[in-house]
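Chemist: Protein chains in written order, with the working numbering: chain Z, 103 to 500; chain B, 103 to 500; chain V, 103 to 500.
Where is the CB? At the ideal position from N, CA and C, for every residue including glycine.
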Amino acid sequence: MLNHTLLSAERNIHDTSTTLNAPSTGLKIATDQPWSVSMQRLRGGVSDGVDVVTINNGRMKLDLLPTRGMGVWRGDVDGVPLHWVSPVSNPVHPSWVDPMRRGGIGWLDGFNELICRCGLGWHGAPANEVRRDAAGKIVSEEFLPLHGRIANLPAHDVQVSISEENGGLISVTGVVDEGCLFGGRLRLTSTLRTQPGSSRFTVEDVVTNLGSAPAESEMLYHCNIGRPFLGDGATFHSASTEVAPRNARAVEGLSMWNIYQGPTPGYTEQVYFSKPVHDERGYGVGVLCDPDCERAFVVRFDTSTLPWFTLWKCTQADQDGYVTGLEPGSSFPNPRAFERTNGRVIQLAPGASVTFRLEFETVLGRDSVRKLLDEVTAMQVAVARTIHPAPLPTWCAP
Amino acid sequence: MLNHTLLSAERNIHDTSTTLNAPSTGLKIATDQPWSVSMQRLRGGVSDGVDVVTINNGRMKLDLLPTRGMGVWRGDVDGVPLHWVSPVSNPVHPSWVDPMRRGGIGWLDGFNELICRCGLGWHGAPANEVRRDAAGKIVSEEFLPLHGRIANLPAHDVQVSISEENGGLISVTGVVDEGCLFGGRLRLTSTLRTQPGSSRFTVEDVVTNLGSAPAESEMLYHCNIGRPFLGDGATFHSASTEVAPRNARAVEGLSMWNIYQGPTPGYTEQVYFSKPVHDERGYGVGVLCDPDCERAFVVRFDTSTLPWFTLWKCTQADQDGYVTGLEPGSSFPNPRAFERTNGRVIQLAPGASVTFRLEFETVLGRDSVRKLLDEVTAMQVAVARTIHPAPLPTWCAP
Amino acid sequence: MLNHTLLSAERNIHDTSTTLNAPSTGLKIATDQPWSVSMQRLRGGVSDGVDVVTINNGRMKLDLLPTRGMGVWRGDVDGVPLHWVSPVSNPVHPSWVDPMRRGGIGWLDGFNELICRCGLGWHGAPANEVRRDAAGKIVSEEFLPLHGRIANLPAHDVQVSISEENGGLISVTGVVDEGCLFGGRLRLTSTLRTQPGSSRFTVEDVVTNLGSAPAESEMLYHCNIGRPFLGDGATFHSASTEVAPRNARAVEGLSMWNIYQGPTPGYTEQVYFSKPVHDERGYGVGVLCDPDCERAFVVRFDTSTLPWFTLWKCTQADQDGYVTGLEPGSSFPNPRAFERTNGRVIQLAPGASVTFRLEFETVLGRDSVRKLLDEVTAMQVAVARTIHPAPLPTWCAP
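Shown next, in the form of structure tokens:
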């Protein structure tokens, strides 16, 4: 077992010169995959100062962004890209992002990752949150811009851990703080793991309330995929008991809610909320399958803390960002006050924490994809699914 | 012909070690001028992280700011400075600029360049832009702060190209993107060119709509000059068919609209709008001539895309920023909604682009200045000019 | 006498490689204390890009933050830490601070220093400042967020000066500009001085109006101390003629206004305003004494320009930030309009300046602490003190 610090604000460590691999570490992992882990700092444009941790397990390459809340910028499995092409081409240093821009949707100025967290205190549509006491008097008022702060906060500590056991395991852990005086204190400790030669990786996120008062938390994993997984006729597969369109626009496409169009200029996003079921391990599943059933991107998620799922269809023109989002969440991306009213906001006692677990897999080859879809179908047919014809009042903010 | 990449966010190139010059490149330009091009990164204060590309053509030195939308910080011709002394002394990294500060004029926190672009989506006075459908219902609402985003967006790509032909040509091209998901996608590709030994340089800017939907664009070249060109009795020369004061304050100085005062504590800015005429090449002209007619700074501009001209008189005290702005524009610096109503906003179809061309020249010596002024006078006397006694309702937002 | 430039944006100097000490400078100071001065740049998290100037006088170590308006991050005397533990762990680069966040208290996102200036144009609670002419018509309107800009503006020039005279003197001077076009132009020139082997340091700040128009200025020294000085039963000692609770919450604790509780979850801050008296040198005094009377932290301040004193009690839970603030000020931290009405805002003529002088001392050992407290008591008993039972209308904004 090897432990290595790539970044520590506390100890002023910022290591962009080390490449951890078999020769440099002397680790004897039973694999012929040329694995490696290293960090670089980007220069130029809005990427200036962004750190990228690259994990190469020999088969799969992942670029992590400590500077952007440990998001996963992009990946590559057997040469197949895991990404989408945002109008914002390169990773954006948060100093270029003003969340309050454009009425509170400035978050979009920095949005181009494969996996982007929304949280920790809140996520979802921008809204003015007014709290009142029992008598109806305003106690506090705060404008909460789109999708919270975590994607634009930097890790102050990044550790790599590499184990030789059982074919090896590469882990990268980042710690990101969201808090300030009189503003609560939430900490994300995020660990991404993969094995040499694997097409899978896992994410285990612990969110801890370091403050002395109870705190609220919301988390949404905005997992965004474009071509070659997305395309005209691509399909979404999942297992759930209920599905509802978010609004009138989503109702328009309800009959095709899990089938994708090709790039469509002028397309307006359509969003579907659902309540996933879980397998015997407690995991729900969402799959994006390409039109030829040759490639699939899978996200599995622990429904004990991520009991809700949002499907974001954004099949606009390629140059505008042709993409879909598979989004397991602790809640739906409505304003927090609405989610609170409907009992979906996490309450963390002082010192308490909540753990989110996700598994990501890229499945290549028709037979493997078929097997995967059969598995998801089996999960779905085991339960009844209601597709609501209109937004559910308890799910969808008006 | 030599091509060299100084900066590429895509390829993570950031070259502050190369100086391109005759010895280092081996280029054989027929000149005895010791030309060079190099880039440095500033450190400290609000300039920390700002890149400066310095072009020295042997006679003229120009400092370009890739980090600030390819603005031209300052220049020097035969030892005569092209600049003004802003209360903000050094180039400002955009991370220190909050455009929303002070009711939407935070742009001024970073303003100290010789040539500063205002655009790409809009420029002009801050305003809340409300769009309504035919029935009068509000479709969108967005606060647009002063002078747009482009001056505070960084180039993600900077290329130098040096040709040996015809006495040589030094070109620096920067690419700056302004866009985000659901926010359009405009790209500025800006090329500045100069010849070894020349006191001239040209700017050719292409603004392209990379999105799938039609887009609006506005551009204003805020060309700002102070001493030794500006001074008590300095004069502005141009050729136009109409001139109008922007507001009541400008009316006060109308009889002296093209003559400058010395530094005047308590002076409030005066702005004059005009419709320039063009020469046989299609170029309009604006000249700032010093009180002794020994030095002149000239801007020429292609009126096919820059049909309007704004003269900004800001002859306040030296320590507050004694300066005048010669500002060719695709529109006047009014709120965009006003410009749209009056047909001055550029409409770009998907994939379409608009090209802005400008030429800058420093003329030194009484005879040369006299010849220049005669040329401008000849242009003016060839057409009638109306000086409107009051703001024009179609030119000047109330 | 040695002078050394650590940072100059003007000359593009940023020296993190030099350590100034006896061997490297050859200075012959009559001390056996291993003094040194050096600068480092932090990397990672929200500290990325923050410069820290460390002064070690052999007995006391101080970390200064040029990037944060020459604040003093933390110190150490004989191994006793001078600091507090903010929920924000490390120094925060101002590019992460949006003063407008949370209704104008975003300043708190970067707050963790031992000594943090609030100013220069204003400080105090966030407020919309409306100015009217004699007829009551609105002349200007500006939202002024919490505690002004200076803590989030960087020094563009940092000089070290070391004298061999009289046992030696180490001085560090930083220059910070607060201004922009049409926004005034205030300059802070701040010098911190200490002698080898001393437990004292002084701060001399000159604020100059570089603009051509009269300008207003407010300054508050937010001196923040936690354990081991603060604790259950710690006491505050001062000499003043009047003390008033800021609001109803402060009234609740009035009988104990100068005694501290231990960490108290759910505690809401209590603030006391006072009018200090001065000694024969013209200095007022504030002392935080630990519960055992073994350690005291003292601030002395020139009451000719810092005539008001604010005591901030914030004895909330440790993890939320257990701290007290000793805050000499040119005014109270009310909205500037209120302070103006009550004659406490500094008016600076063009070119004029105001100088603020403070002395900080750490006193260790029961006898020394006792002597210090006796001295303060003597100052107090020499004058009558009125403790107002309720907020004073001229001191406390409603």
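Would you check if there are 3 or more beta carbon pairs closer than 8 Å linking the region 348–363 of chain Z to the region 378–389 of chain Z?
Modeler: No, the region 348–363 of chain Z does not touch the region 378–389 of chain Z.
Chemist: Run through chain Z and tell me which residues come within less than 9 Å of Ser59 of chain V, C-beta to C-beta.
Modeler: What the structure shows of chain V is the stretch from 103 to 500, and residue 59 of chain V is not part of that stretch, so it cannot be assessed.
Chemist: Using a C-beta cutoff of 8 Å, does Ala237 of chain B count as contacting chain Z?
Modeler: Chain Z, which has no Cβ nearer than 8 Å to the Cβ of Ala237 of chain B, makes this no.
Chemist: Scan the region 211–242 of chain Z for residues whose Cβ lies nearer than 9 Å to a Cβ of chain B and list them as they occur along the chain.
Modeler: Within the region 211–242 of chain Z, the residues whose Cβ lies closer than 9 Å to some Cβ of chain B are Asp211, Gly212, Phe213 and Asn214, listed in chain order.
Chemist: Would you call Asp165 of chain B buried or exposed, if buried means 16 or more other Cβ atoms sit within 10 Å of its Cβ?
Modeler: Per the 10 Å Cβ criterion, buried.
Chemist: At what residues does the alpha helix (DSSP H) containing Ala124 of chain B begin and finish?
Modeler: From DSSP, the alpha helix (DSSP H) with Ala124 of chain B extends over Ala124 to Thr127.
Chemist: Within its chain, find whatever has a CB closer than 7 Å to the CB of Leu390 of chain Z; leave out the 5 residues flanking it on each side and keep chain order.
Modeler: Cβ within range, chain order: Ile327, Phe331, Leu332, Ala336, Phe338, Ala398, Phe399, Thr426 and Leu428.
Chemist: So Leu288 of chain V and Asn311 of chain V are in contact, right, with Cβ under 8 Å, and what is the actual spacing, rounded?
Modeler: Going by Cβ atoms, the distance from Leu288 of chain V to Asn311 of chain V rounds to 6 Å, so yes, they are a contact pair.
Chemist: Assuming Thr426 of chain B is part of the beta strand (DSSP E), what are its boundary residues?
Modeler: Start and end: Tyr424 to Gly431.
Chemist: Please state if the CB of Gly364 of chain Z and the CB of Thr417 of chain Z are separated by a distance shorter than 8 Å.
Modeler: In contact: Thr417 of chain Z and Gly364 of chain Z (Cβ atoms closer than 8 Å).
Chemist: According to a CB-to-CB cut-off of less than 7 Å, which residues of the region 371–382 of chain V neighbour chain B?
Modeler: The residues in question: there are none.
Chemist: Please determine, among Z:Pro491, Z:Val483 and Z:Phe434, the residue with the shortest C-alpha to C-alpha distance to Gly226 of chain Z.
Modeler: Closest option to Gly226 of chain Z, Cα to Cα, is Z:Phe434.
Chemist: Is Lys415 of chain Z helix, strand or coil by DSSP?
Modeler: Looking at Lys415 of chain Z - three-state DSSP - the assignment turns out to be strand.
Chemist: Let me check one thing: in DSSP terms, what residues is Tyr323 of chain Z bridge-paired to?
Modeler: Z:Arg219.
Chemist: Please state whether the Cβ-Cβ distance between Ser265 of chain V and Met141 of chain V is less than 8 Å.
Modeler: Contact flag unset, no.
Chemist: Three-state secondary structure (DSSP) at Asn349 of chain V?
Modeler: DSSP places Asn349 of chain V in coil when its eight states are reduced to three.
Chemist: Have a look at B:Arg145, B:Asp420 and B:Val154 and flag the residue whose alpha-carbon is nearest the alpha-carbon of Gly313 of chain V.
Modeler: It is B:Asp420 whose Cα lies nearest to the Cα of Gly313 of chain V.
Chemist: Measure the C-alpha to C-alpha separation of Ala341 of chain V and Leu210 of chain V and round it to an integer number of angstroms.
Modeler: Taking the straight line from one Cα to the other gives about 30 Å.
Chemist: Run through the DSSP bridge pairs and tell me what Asp420 of chain Z is partnered with.
Modeler: Note: Asp420 of chain Z sits in no beta bridge, so no partner.
Chemist: With a cut-off of 8 Å, do at least 3 Cβ pairs link the region 181–201 of chain Z to the region 278–298 of chain Z?
Modeler: Judged by Cβ distances under 8 Å, the region 181–201 of chain Z makes no contact with the region 278–298 of chain Z, as fewer than three pairs qualify.
Chemist: Within the 8 Å Cβ cut-off, does Ser318 of chain B reach chain Z?
Modeler: Inspection of the sequence shows that residue 318 of chain B is occupied by Glu rather than by Ser. No, its Cβ sits nowhere closer than 8 Å to a Cβ of chain Z.
Chemist: Whose C-alpha, out of Z:Leu108, Z:Pro196 and Z:Asn114, is nearest the C-alpha of Thr156 of chain Z?
Modeler: Checked all of Z:Leu108, Z:Pro196 and Z:Asn114; the closest Cα to Thr156 of chain Z is Z:Leu108.
Chemist: For Ser357 of chain V, which of helix, strand or coil comes out of DSSP?
Modeler: The answer is helix: DSSP assigns Ser357 of chain V an H, G or I state.
Chemist: Could you check if Met358 of chain V is buried or exposed, using at least 16 other CB atoms within 10 Å of its CB as the buried criterion?
Modeler: It is exposed - the Cβ of Met358 of chain V has fewer than 16 other Cβ atoms within 10 Å.
Chemist: Taking 8 Å as the threshold (beta carbon to beta carbon), is Asp150 of chain V in contact with chain Z?
Modeler: At least one chain Z Cβ lies under 8 Å of Asp150 of chain V.
Chemist: State the start and end residues of the unbroken beta strand (DSSP E) segment that holds Ala480 of chain Z.
Modeler: Per DSSP, Ala480 of chain Z belongs to no beta strand (DSSP E); it is in the alpha helix (DSSP H), Arg468 to Val483.
Chemist: Could you spell out the range, first to last residue, of the alpha helix (DSSP H) harbouring Thr443 of chain V?
Modeler: Where Thr443 of chain V is concerned, the enclosing alpha helix (DSSP H) stretches over Arg438 to Thr443.
Chemist: Report all residues from its chain with a CB closer than 8 Å to the CB of Ile115 of chain V; omit the five preceding and five following residues, and keep chain order.
Modeler: Counting only Cβ-Cβ distances below 8 Å, and skipping sequence neighbours, we find Thr107, Leu108 and Leu109.
Chemist: Using a Cβ cut-off of 8 Å (strictly closer), state whether Pro367 of chain B contacts chain V.
Modeler: Yes, Pro367 of chain B lies at the interface with chain V (some Cβ there is under 8 Å from its Cβ).
Chemist: So the alpha helix (DSSP H) Arg176 of chain B belongs to, where does it begin and stop?
Modeler: Looking at the DSSP string, Arg176 of chain B is not in any alpha helix (DSSP H); the run it does join, the beta strand (DSSP E), is Gly173 to Val179.
Chemist: Would you kindly report the start and end of the unbroken alpha helix (DSSP H) that includes Arg289 of chain Z?
Modeler: Taken as a continuous stretch (DSSP letters only), Arg289 of chain Z belongs to no alpha helix (DSSP H), being part of the beta strand (DSSP E) at Arg287 to Thr296.
Chemist: Figure out for me which residue from Z:Arg113, Z:Thr118, Z:Leu129 and Z:Lys377 has the closest Cα to the Cα of Asn105 of chain Z.
Modeler: Of the listed residues, the one whose Cα sits closest to Asn105 of chain Z is Z:Leu129.
Chemist: Taking 8 Å as the CB-CB cut-off, is His573 of chain Z touching chain V?
Modeler: The requested residue 573 of chain Z does not occur in the structure, where chain Z is confined to residues 103 to 500.
Chemist: Hey, Leu216 of chain V and Arg161 of chain V are a contact pair by Cβ (cut 8 Å); roughly how many whole angstroms apart?
Modeler: 17 Å between Cβ atoms; not a contact.
Chemist: Pair every Cβ in the region 192–206 of chain Z with every Cβ in the region 407–417 of chain Z, then say whether three or more of these pairs are closer than 8 Å.
Modeler: Contact fails: fewer than three Cβ-Cβ distances are below 8 Å.
Chemist: Which whole-angstrom value describes the C-beta separation of Gly250 of chain V and Val260 of chain V, a residue pair presumed to lie in contact below a C-beta threshold of 8 Å?
Modeler: With 8 Å as the limit, Gly250 of chain V and Val260 of chain V do not qualify as a contact, their Cβ atoms being about 21 Å apart.
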